[in-house]
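Visitor:
Numbering (full-length UniProt numbering), first residue to last: 1 to 141.
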């Protein structure tokens with residue numbers, strides 16, 4: 001890494017709940033589970049190898065992210081929900097939406113019986129288990 005590139009510190013506790021390990025960006029403080037995620041993120045600060053949207057100028061660290069973004073400007077929403085008629089740009093967005101109708105909750109908590117429709121909600125919930133376990137272990141000391 002050259003001296004002009006931002007650096008990142010080594011593994012640190014998660015900034016959401018203190019659990020696990022994360023790699024922190026020294027420029028903005030964002031944390032990442034993997035060093036590779038930190039490296040991709042740091043492209044935002046260096047300006048190197050960024051892909052820019054011709055429509056709005058927004059930049060993306062990866063060409064694949066730019067391609068997905070450009071669909072927003074096309075106005076094409078070819079993925080239609082047969083339950084309510086809502087339309088979506090990508091099939092994955094439609095699949096996430098359909099969980100509203102099906103009640104599907106594929107993300108199960110690893111600590112209790114709760115399930116969630118989206119992985120980010122499970123993640124936030126699991127952080128609460130870690131906080132409770134950490135505070136109860138401190139009481140017994």
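Where is the CB? At the ideal position from N, CA and C, for every residue including glycine. In this text the structure is predicted, and so the values were computed from the model without any measurement.
(1) For the structure I just gave you, are there three or more beta carbon pairs, one from the segment 69 to 81 and one from the segment 89 to 103, closer than 8 Å?
(2) Check the DSSP bridge columns for residue 59 and list the partner residues they point to.
(3) Determine which residues share a DSSP beta bridge with residue 87 and list them.
(4) With H, G and I counted as helix, E and B as strand and the rest as coil, what does DSSP make of residue 46?
(5) When the Cα atoms are used, what is the spatial distance from residue 29 to residue 120?
(6) Within 10 Å of its beta-carbon, does residue 56 have 16 or more other beta-carbons around it, so buried, or fewer, so exposed?
(7) For the putative contact between residue 61 and residue 44, defined by C-beta atoms under 8 Å, what is the C-beta separation to the nearest angstrom?
(8) Using a 10 Å radius around the Cβ and a threshold of 16 neighbouring Cβ atoms, would you call residue 101 buried or exposed?
(9) Please determine, among 118, 116, 111, the residue with the shortest C-alpha to C-alpha distance to residue 128.
Guide: Quick look at the numbers:
(1) Judged by Cβ distances under 8 Å, the segment 69 to 81 makes contact with the segment 89 to 103, as three or more pairs qualify.
(2) Position 59 of the chain shown, counted from the first residue, corresponds to residue 59. Per DSSP, the beta bridge partners of residue 59 are 52.
(3) Your numbering for residue 87 matches position 87 in the chain shown. 80.
(4) Residue numbering aside, residue 46 sits at position 46 when the chain shown is read from its first letter. Here residue 46 sits in helix by DSSP.
(5) Within the chain shown, residue 29 is the residue found at index 29, counting from 1. Within the chain shown, residue 120 is the residue found at index 120, counting from 1. For residue 29 and residue 120, the distance between alpha carbons rounds to 20 Å.
(6) For the purposes of this step, residue 56 is taken as the residue at position 56 of the chain shown. Exposed, because fewer than 16 other Cβ atoms sit within 10 Å of the Cβ of residue 56.
(7) Against the chain shown, residue 61 aligns to sequence position 61. Against the chain shown, residue 44 aligns to sequence position 44. About 6 Å separates the Cβ atoms of residue 61 and residue 44, confirming a contact at the 8 Å cut-off.
(8) As a working mapping, residue 101 is identified with position 101 in the chain shown. Taking every protein chain shown into account, the CB of residue 101 has fewer than 16 other CB atoms within 10 angstroms, so this residue is exposed.
(9) If you number the chain shown from 1, residue 128 lands on position 128. Taking only the C-alpha atoms, the option nearest residue 128 is 111.
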